[in-house]
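Numbering (the UniProt record's numbering), first residue to last: 1 to 75. Heads up, the beta-carbon is just placed ideally off N, CA and C, and yes, glycines get one too. All remarks here apply to the structure that follows.
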Amino acid sequence: MFSEVSLEHYIGTSGEIARLDLPEACAIRLKALGLFAGQQVQLSRSGNPLIVKAAGGKVAVATEIARGIYMRVAS
Numbered sequence: 001m002f003s004e005v006s007l008e009h010y011i012g013t014s015g016e017i018a019r020l021d022l023p024e025a026c027a028i029r030l031k032a033l034g035l036f037a038g039q040q041v042q043l044s045r046s047g048n049p050l051i052v053k054a055a056g057g058k059v060a061v062a063t064e065i066a067r068g069i070y071m072r073v074a075s
């Protein structure tokens with residue numbers, strides 16, 4: 001069984017993005033930066049902004065946006 005938790009709760013761990021619960025324009029921008037459902041990511045730094053490693057690069061994400069990025073976890 002799997003559950004979903006927002007990205008901000010995943011400091012130092014790797015996981016898969018389950019969904020983006022954000023306004024369309026914001027979701028489109030994140031997808032262009034490599035953050036989309038199914039993508040493997042790692043949250044490498046907390047704070048504001050958070051630093052997310054994805055697809056060989058790093059992306060800075062504001063905390064309020066990170067609350068709308070949900071990760072898939074085993075429960």
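Cβ separation of residue i and residue j, assumed to be a contact under 8 Å, to the nearest whole Å
i: Ala60; j: Ile69; result: Not really, about 13 Å apart at Cβ, beyond 8 Å.
i: Leu20; j: Leu30; result: 6 Å
i: Ser14; j: Gln39; result: Contact doesn't hold; Cβ gap of about 11 Å is too wide.
One or two residues paired with residue i in a DSSP bridge
i: Gln40; result: Glu16
i: Leu50; result: Val61
i: Glu4; result: Arg72
i: Arg45; result: Ile51
DSSP-derived helix/strand/coil call for residue i
i: Arg72; result: strand
i: Arg29; result: helix
Short Cβ contact (8 Å threshold) for residue i with residue j
i: Ala37; j: Ile17; result: yes
i: Ala62; j: Ser6; result: no
heavy atom of the ligand SAM below 7 Å from residue i C-beta
i: Lys58; result: No copy of the ligand SAM occurs in the structure displayed, which carries no ligand at all.
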